[in-house]
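Residue numbers (the UniProt record's numbering): 1 to 155.
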């Protein structure tokens with residue numbers, strides 16, 4: 001069997017279900033609405049703004065791979081909830097940035113604490129050896145997912 005054939009087999013395994021199953025289990029175990037208080041897509045918008053400071057709706061949509069038709073209701077709801085505001089740029093009023101409010105920052109902090117508690121509670125199901133494997137697997141997975149995300153953002 002050639003290296004190319006082995007790579008194709010590995011890709012086939014990943015795309016045939018491993019990745020989908022991992023994402024389903026993460027969502028089921030840690031990201032349910034009850035853990036985050038709001039749907040994951042709304043939380044994702046807040047987290048992007050927390051990381052980047054302020055962005056236009058299009059920029060947030062690009063980072064989350066969401067189109068404007070999906071972003072508008074998300075943003076409208078977050079504005080109504082008081083977690084973000086729309087703010088014109090001082091140097092160019094044609095651009096409207098989305099900015100976290102103090103309430104938005106406080107809400108993210110609350111969600112992060114709830115998520116941390118939920119993850120810690122879930123990890124108690126693992127033995128010491130399983131926890132070490134989980135930690136190492138997560139450590140290995142993060143740079144790989146970042147590389148995939150960088151590759152996808154270039155497309």
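Ideal placement from N, C-alpha and C gives every residue a C-beta, glycine not left out. Just so you know, these numbers come straight off a predicted model, no measurement behind them.
Quick check: the Cα distance between residue 119 and residue 92, rounded to an integer number of angstroms?
Reading the chain shown from its first residue, position 119 is the one you call residue 119. Reading the chain shown from its first residue, position 92 is the one you call residue 92. Cα to Cα, the separation comes out at about 43 angstroms.
Would you kindly work out how many angstroms separate the C-alpha atoms of residue 103 and residue 81, rounded to a whole number?
Here residue 103 is taken as the residue at index 103 of the chain shown, counted from 1. Here residue 81 is taken as the residue at index 81 of the chain shown, counted from 1. So the two alpha carbons sit approximately 9 angstroms from each other.
I need the straight-line Cα distance from residue 19 to residue 83, nearest angstrom please.
Position 19 of the chain shown holds residue 19. Position 83 of the chain shown holds residue 83. Rounded to the nearest angstrom, the two C-alpha atoms are 32 angstroms apart.
Comparing C-alpha positions only, which one of 105, 86 and 145 sits nearest to residue 97?
Looking up residue 97 in the chain shown gives position 97. If we check each option's Cα against that of residue 97, 86 comes out closest.
Quick test of your reading: residue 108 and residue 154, contact by CB under 8 angstroms. State the CB separation rounded to the nearest angstrom.
Against the chain shown, residue 108 aligns to sequence position 108. Against the chain shown, residue 154 aligns to sequence position 154. Incorrect: roughly 28 angstroms between the Cβ atoms, too far for contact.
Which two residues bound the contiguous alpha helix (DSSP H) that contains residue 138?
Working through the chain shown from its first residue, we reach residue 138 at position 138. Segment 128–153, the alpha helix (DSSP H) holding residue 138.
I'd like the span of the alpha helix (DSSP H) that includes residue 117, first residue to last.
The sequence position of residue 117 within the chain shown is 117, counting from 1. Start and end: 102–123.
Tell me whether residue 88 is buried or exposed, calling it buried when 16 or more other Cβ atoms sit within 10 Å of its Cβ.
For the purposes of this step, residue 88 is taken as the residue at position 88 of the chain shown. With fewer than 16 Cβ atoms within 10 Å of its Cβ, residue 88 is classed as exposed.
What beta strand (DSSP E) runs, 3 residues minimum, are completely inside the segment 30–107?
54–56, 84–88 and 96–100
Does residue 22 pass the burial test, meaning 16 or more other C-beta atoms within 10 Å, or should it be called exposed?
The residue given as residue 22 occupies position 22 in the chain shown. Under this definition residue 22 is an exposed residue.
List the whole-angstrom C-beta distance separating residue 79 from residue 71, where the pair is believed to meet the contact cut-off of C-beta under 8 angstroms.
Start at 1 with the first residue of the chain shown, and residue 79 comes out as number 79. Start at 1 with the first residue of the chain shown, and residue 71 comes out as number 71. That belief does not hold up - the Cβ atoms of residue 79 and residue 71 are roughly 12 angstroms apart, past 8 angstroms.
Within 10 Å of its beta-carbon, does residue 43 have 16 or more other beta-carbons around it, so buried, or fewer, so exposed?
Along the chain shown, one-based indexing puts residue 43 at 43. So residue 43 ends up on the buried side.
Tell me which same chain residues have a C-beta within less than 8 angstroms of the C-beta of residue 55, skipping the five on either side of it?
For this step, residue 55 is matched to residue 55 along the chain shown. Contacts found: 48, 49, 63, 97 and 98.
Do you know whose CA, among 113, 112, 57 and 45, lies nearest residue 94's CA?
Mapped onto the chain shown, residue 94 falls at position 94. Nearest option by C-alpha distance: 57.
Excluding the 5 residues preceding and the 5 following residue 25 in the sequence, name in chain order all residues of the same chain whose CB lies nearer than 8 angstroms to its CB.
Position 25 of the chain shown holds residue 25. No residues qualify anywhere along the chain.
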